[in-house]
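Protein chains in written order, with the working numbering: chain A, 39 to 179; chain B, 39 to 179. Positions of the beta carbon are idealized from the N, C-alpha and C atoms, including for glycine. Okay, structure first, notes after.
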DNA sequence: TTAATTCAGACTAAAACAGTAGGATTTACA
DNA sequence: TGTAAATCCTACTGTTTTAGTCTGAATTAA
């Protein structure tokens, strides 16, 4: 799982959408101001979120974005993998091409890294978008 | 926790040292060949491992490196943090400087990232160098 | 018609990553 | 005492990734 600000921005933006989901389409300008993320960068991010069918767009004035899936059904891992393409921490490609097998001691860390990756993934699999916003919901509704 | 090949190389090299710890100082040339890591790069890595007192060096011909701590007492997290300086996934610095508090919805992902970081850290805290090598020990002793 | 908005793609500065390169120093051993 | 094997030390460097910017087109509510 690659963890960059892009992924974090995506989660922030999605949380923002979830928080204001009853107010119709939310413009990226609004999110940009509230979350302090550059508008142009958000645009890039939302193209990908849309491709993964996490959000729907409404074009033109008064347009914006709306969640296409209820927040309790969106896993954080869905959001991050939507914008950050790669889902692997560090792969053992070089070694595996050369025949990374457990017969030699060459790749004794292989399993470790694999396990970590599963750990991180399962962490983000468990957390739903809804989990993030429910704490803030009372304050903003 | 930053996860780069440097950290992985460090773990691999330390595992190699642990595996051959009864054979006196192990030269980086040997490790370089066995683990297929550039010698010059290993040198850099070992400078740091030495600074953290994870290994001892023996200079001169027939010299090399030896573990300075028994492998059952070395956490993987010790190794990685020794070579990869930074121990945080992604920090919320910008926001925290501007006053990232939970009063606003600005930083709702802050906690999430913090939790993840703890998750990763605790993962590498639990695993000891000894855990990695014991599987290979019979084969190489 | 105009302003607000998404859509699209190219471009870019800066940092991180993954090393190289070159030499100095130390020491076992012949 | 000379030499080869090793660590030590510090710069340098090519490539990729990151985190955007920039420009403009298309769409649509008012």
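Can you have a look at residue i and say buried or exposed, based on whether 16 or more other CB atoms are within 10 angstroms of its CB?
i, result
"residue 71 of chain A", "exposed"
"residue 54 of chain A", "buried"
"residue 61 of chain B", "exposed"
"residue 98 of chain A", "exposed"
"residue 85 of chain B", "exposed"
Determine the closest residue to residue i out of the options, with distance taken between C-alpha atoms.
i, options, result
"residue 149 of chain B", "A:40, A:94, A:46", "A:46"
"residue 107 of chain A", "A:87, A:153, A:40, A:43", "A:87"
"residue 103 of chain A", "A:122, A:118, A:80, A:39", "A:80"
"residue 82 of chain B", "B:162, B:122, B:116", "B:122"
"residue 63 of chain B", "B:95, B:112, B:169, B:154", "B:95"
"residue 112 of chain B", "B:73, B:159, B:168", "B:168"
Please report how far the alpha carbon of residue i lies from the alpha carbon of residue j, in whole angstroms.
i, j, result
"residue 77 of chain A", "residue 67 of chain A", "6 Å"
"residue 93 of chain B", "residue 157 of chain A", "29 Å"
"residue 120 of chain B", "residue 114 of chain B", "10 Å"
"residue 75 of chain A", "residue 91 of chain B", "42 Å"
"residue 89 of chain A", "residue 65 of chain A", "18 Å"
"residue 118 of chain A", "residue 152 of chain B", "16 Å"
"residue 101 of chain A", "residue 58 of chain A", "14 Å"
"residue 44 of chain A", "residue 43 of chain B", "22 Å"
"residue 40 of chain B", "residue 39 of chain A", "12 Å"
"residue 116 of chain A", "residue 159 of chain B", "23 Å"
So residue i packs on residue j, CB below 8 Å; how close in whole Å?
i, j, result
"residue 147 of chain A", "residue 171 of chain B", "The Cβ separation is near 11 Å, so there is no contact."
"residue 164 of chain A", "residue 110 of chain A", "At roughly 13 Å, the Cβ-Cβ gap does not stay under 8 Å, so residue 164 of chain A and residue 110 of chain A are not in contact."
"residue 69 of chain A", "residue 56 of chain A", "Contact flag wrong, Cβ pair sits at about 12 Å."
"residue 161 of chain B", "residue 105 of chain A", "That pair is no contact at about 32 Å."
Which runs of the alpha helix (DSSP H), 4 residues or longer, sit entirely within the region 41 to 111 of chain B?
Segments of the alpha helix (DSSP H) lying fully in the region 41 to 111 of chain B: 43 to 57, 66 to 73, 77 to 89.
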